[in-house]
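**Student:** Mind looking over this structure? Questions follow.
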Amino acid sequence: MTDRAFKQAHSQAQDLLDFIDASPSPWHAVDTAVQRLSKQGYSALDESQAWQLKAGLGYYVVRGGASIIAFHLGQKKPNESGFRLVGAHTDSPGLRLKPKAAYATDDLIRIGVEVYGGPILATFTDRDLSVAGRISLRSKNGFDLRLVKLDQPMLRLPNLAIHMNREVNDKGLLLNKQTELPLIFGQCEAGVDAEQAFLSQLAQSANANAADMLSFELNVFDTQKGSFWGAKQAFIANSQLDNLASCHAALSALLATEKPMATTVCALFDHEEVGSESATGASGSFLSDVLQRISSSQQLDDDARLQAMARSFLVSADMAHAYHPNHPSAYEPCHHVLVNHGPVIKTNANHRYASNAESSARFMQLCEAAGVPYQQYAHRSDLGCGSTIGPIVAANLGVPSVDVGSPMWAMHSLRESAGVLDHAYMIAVLSALYRS
Ligand code: CO
């Protein structure tokens, strides 16, 4: 790699870190995506209105606040060229606040949380945490939804001292999800109810009155910004790399592709970490609804619409497990995928990943066309394998699909890490897909 290419990869990685830092919750991630799309001339579509789509233009649709589908109409009709689809997820595992979260004990206000998906809980200890998400506020016409974020570190989960947890280094840090996860928010004040203290802080940050607040969905996030690390600063660290790195790569590739031949689609879904089974998740109707409406806007009949699906290709982009040299026994021989060695094609005989020989070959040739190296991954047979939106969307649409991702360390830690070059490689190959 030339110095110039490395510099460019660095600036793409910086852009990714900025994207994540602006997106402390899946609702914020969609808002960040919307800002980037509208800056480049993409127009918002409302699912409750009729759509008038113009050839050659870009559009986006948000469903439920945390899922978004952006697309650019191709020069050819979908029945002639199919759709070029990239799917990823906006949510990350972590802690979510319970509806009546704040309560007082022993002079302290604590915040009750629920575990969302499968985070490495121990990584939430001793970090500068805060909350971000959305709230509903009474308005003239019922209620409005508003994004909210407490910028300062507002919450903390202090470790128990080693003097009271003598076996922590031999047995690992175990935390009871009900009794040992509540986060410390503040100290009690005479005459102030714990819940009121928390809600008014929240309302204040949204320029609203606590009395107008009806409900909220709040994610616990790490206020520490993303960083580069290591020799030549070749690695990055941040929260939510799984899977905002893939969202960012897909969006960057979409926005970089002008005048695509086929209609290009970037679908970013909420709820992947909890099974995708929702009105806004990959298992729901969102993507097929949008594709159907694109097809009918171009007067495609049922037959032509099915031709379009048969000519389409889906790349499901989600992060992959990089080889960790301190834990060689955790990996399958011959499938050690290395950081900064290129996108990973994930295969599983039981179809936890959507890849097969045909879709893998297609992706390999896209890599070759883009001058990008690639790697192949299979999980150890005696360990449970994760899954992705790939098989779910493939089953819904009946579209040939492949599961890929950039290699990363510490998946589902609050501070994950990955490679600078891999992110540039992923943007390059997804751009090649959109140009194909
Ligand atoms: Co993921």
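To convert, count from 1 in the sequence shown and add 920; that's my numbering.
Just so you know, even glycine gets a beta-carbon here, dropped at the ideal spot from N, CA and C.
Is Glu-1336 a contact residue of the ligand CO, with contact defined as CB to any heavy atom under 8 angstroms?
**Tutor:** no
**Student:** Residues in the same chain with beta-carbon distance under 6 angstroms from Pro-1268, minus the five sequence neighbours each way, listed in chain order, please.
**Tutor:** Note that residue 1268 corresponds to Asn in the displayed sequence, not to Pro. Correct list, in chain order: Cys-1305.
**Student:** Where do the N-terminal and C-terminal ends of the alpha helix (DSSP H) with Gln-1116 fall, by residue?
**Tutor:** 1114-1125
**Student:** Mind pulling the beta strand (DSSP E) runs of 3 or more residues that sit fully within the segment 1264-1307?
**Tutor:** 1264-1266 and 1295-1297
**Student:** Could you check where the beta strand (DSSP E) with Leu-1226 kicks off and where it finishes?
**Tutor:** For Leu-1226, there is no enclosing beta strand (DSSP E); the enclosing alpha helix (DSSP H) covers residues 1222-1230.
**Student:** In angstroms with no decimal places, state the Cα-to-Cα distance between Gly-1007 and Asp-1027.
**Tutor:** 47 angstroms
**Student:** Rounded to the nearest angstrom, how far is the Cβ of Ser-1232 from that of Phe-1003, given a contact under 8 angstroms?
**Tutor:** 4 angstroms
**Student:** Are the CB atoms of Ala-1169 and Met-1346 nearer to each other than 9 angstroms?
**Tutor:** yes
**Student:** Quick check on the contact list: which residues have their beta carbon closer than 5 angstroms to a heavy atom of the ligand CO?
**Tutor:** The filter returns Asp-1162, Asn-1163 and Asp-1238, in chain order.
**Student:** Given a cut-off of 9 angstroms on the beta-carbon distance, is the pair Gly-1062 and Pro-1039 in contact?
**Tutor:** no
**Student:** For a test of the three-state rule: what should DSSP assign to Val-981, helix, strand or coil?
**Tutor:** strand
**Student:** Which runs of the beta strand (DSSP E), 3 residues or longer, sit entirely within the segment 1084-1110?
**Tutor:** 1103-1107
**Student:** Looking only at C-alpha atoms, which of Ala-1338, Val-1185 and Leu-1164 sits nearest to Ala-949?
**Tutor:** When only C-alpha atoms are compared, the closest one is Leu-1164.
**Student:** Return helix, strand or coil for His-1255, following the three-state DSSP convention.
**Tutor:** coil
**Student:** By DSSP's criteria, Phe-1189 is part of a beta bridge. Which residues make up the other side?
**Tutor:** Assignment of beta-bridge partners to Phe-1189 by DSSP yields His-1009.
**Student:** Quick one: measure Cβ to Cβ for Pro-1073 and Thr-1184, integer angstroms, because I've assumed they're closer than 8 angstroms.
**Tutor:** Incorrect: roughly 40 angstroms between the Cβ atoms, too far for contact.
**Student:** Using a Cβ-Cβ cut-off of 6 angstroms (strictly less than) and excluding sequence neighbours within five positions of Cys-1287, which residues of its own chain qualify?
**Tutor:** Tyr-1294 and Val-1349
**Student:** Label Ile-1082 either buried or exposed according to how many other C-beta atoms from any shown protein chain fall within 10 Å of its C-beta, with 16 as the threshold for buried.
**Tutor:** exposed
**Student:** Checking 9 angstroms against the spacing of the C-beta atoms, do Ala-1128 and Leu-1041 come in under that value?
**Tutor:** no
**Student:** Here's the rule I'm using: 16 or more other beta-carbon atoms within 10 Å means buried, otherwise exposed. How should Arg-1355 be labelled?
**Tutor:** buried
**Student:** Rounded to whole angstroms, what is the Cα-Cα separation between Arg-1335 and Ser-1159?
**Tutor:** 5 angstroms
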